[in-house]
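Numbering (mature numbering (1 follows the signal peptide of the UniProt record, and there is no 0)), first residue to last: -22 to -1, 1 to 478. Glycine is no exception: its CB is placed at the ideal position from the N, C-alpha and C atoms. Please read all numbers here as calculations on a predicted model, not as lab measurements. Please read the structure below before turning to the comments.
Pasting the structure below:
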């Protein structure tokens, strides 16, 4: 009897332990506070991190950048202007309604046609969507589009319940992912809770996921070290060694697909009346004044590979011939004089976090030596997005987390109708090059077309690229199964917390 009691107590203890283990909270530290939580309207990278747990897509990517099933189990190209998906059976939205072909059609049409959608240019080639049965979705294109599957592996392919479309989904999202929306306190936290009816719920092991914006990199690190965060993204490169030396933490960097850059206001409101918009020589001078290698060493601690183009080294469109070393202050000054200036005043708007502050203070000093009087305008990151959209800037931070297809790294920013082209740069010849490259399915021919496009970018400089984005994660050692992806998103499938 005594032995039986001991066995029962042991079993009970194991059950309690298993219950405690399954009922867990994961805390993720973000560099910025996301903007609204509507995939069609959202702009921020940190929003995409939240969406990775909140909103499933038609397809996802693997760590090696191959496309893998998510809400769609398979896809095919019956011809070069038709893309067909077969949907997963019995998947449901967070309100319990089925994720069927009619709802996918409604989502894609909304993303393309909503007046303030930021997905319009990503779906520019989508002509119409058919739903011949509950599990089949057929996309008809206006022209061949080699980039479309890549777009559908991100926000353009995220699915929300159509019943929520007229209920302010930016504040009350009803999505399709493993976790559903619970609450948000602006600039403090976003809380998601596990969705029991998710089609793959057994592979998600947290009851609650809390995303906390912590713009100060030092505070983010200290929260990691004190145990207040389980995962933190974009930790400062200068803190990498501190993380490596901490026995409770693991440093997990991965080479990304995106870039940091500066956009020029060419034609978006009164503030487009500035020397940068009017004369390419001013832009060329500024470009020559920036020493990307110094940014890499001083701010990036060797982790910020210099960038002179939108295509990362992993892309087939990357052109090593565009690179250069250092800067040329004398040539920059000469170009300013040719343009009729001794010195040029300009304001740079940017998201107020530690790394951006360091980087733009260094650019400010570099520019001064070449003839630029730069004033810095830091602001909360979500506010920066609306500031840029309404044209209240001269130069502004334009970070992009990157896409698998090269079109996704440039079309939104540089094409005349690009949804993230806040400066309203427009060049018909460059638009044709971008469209031709997107329509071409042969990789070698696409590379040649992007090469011609880069030649125009080098002379017209609508954007100043500074460095490629590494994703620098800090993770508590007890976090098991976390894999960093090149797109920088936090995917929680299979991630667990080991017992203390």
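In the three-state DSSP reduction, residue 164 falls in the coil class, being neither helix nor strand.
Between residue 8 and residue 325 the beta-carbon gap is near 27 Å, outside 8 Å, which marks them as no contact. Take the alpha-carbon of residue 76 and the one of residue 68: they are about 7 Å apart. Straight through space, the alpha carbons of residue 12 and residue 25 are spaced by roughly 5 Å.
Taking 3 residues as the minimum length, the beta strand (DSSP E) runs contained wholly in the segment 342 to 412 are 350 to 357, 373 to 375, in order along the chain.
Here residue 7 is bridged, per DSSP, to 190, 210.
Straight across, the Cα-Cα distance linking residue 366 with residue 16 is about 19 Å. When DSSP states are grouped into helix, strand and coil, residue 132 belongs to the coil group. In this model, residue 345 and residue 313 are separated by some 13 Å (Cα to Cα). Annotated as proximal: residue 107 and residue 82, with beta-carbon spacing under 9 Å.
Residue pairing from DSSP places residue 118 in a beta bridge opposite 60, 106. Looking at the DSSP output, residue 448 bridges to 233. Judged by their CB atoms, residue 232 and residue 451 are nearer to each other than the 9 Å cut-off. The alpha-carbon separation between residue 415 and residue 218 amounts to approximately 39 Å. With fewer than 16 other CB atoms across the displayed protein chains lying within 10 angstroms of its CB, residue 419 is exposed. If you ignore the 5 residues before and after residue 245, its C-beta comes within less than 8 Å of the C-beta of 255, 401, 402, 403, 404, all in its own chain and listed in chain order. About 6 Å separates the Cβ atoms of residue 242 and residue 373, confirming a contact at the 8 Å cut-off. In the three-state scheme derived from DSSP, where H, G and I count as helix and E and B as strand, residue 475 is classed as strand. Taking one beta carbon from each stretch, the segment 29 to 40 and the segment 88 to 105 have fewer than 3 pairs nearer than 8 Å; the two do not touch. The beta carbon of residue 80 sits closer than 7 Å to the beta carbons of 109 from its chain, once the five residues preceding and following it are set aside; these are given in chain order. Closest option to residue 10, judged by alpha-carbon separation, among 93, 333, 463: 333. Here residue 442 carries a strand assignment [DSSP, helix/strand/coil].
Taken through DSSP and simplified to helix, strand or coil, residue 157 comes out as strand. DSSP, read as helix, strand or coil, puts residue 239 in strand. No beta strand (DSSP E) of 3 residues or more sits fully in the segment 243 to 275. The distance from the Cβ of residue 135 to that of residue 466 is about 17 Å, inconsistent with a contact at the 8 Å cut-off. Going by C-alpha positions, residue 198 is about 15 Å away from residue 230.
Here DSSP, grouped into helix, strand and coil, assigns residue 111 to strand. Secondary structure note for residue 144: it is in no alpha helix (DSSP H), with a DSSP letter that is neither H nor E.
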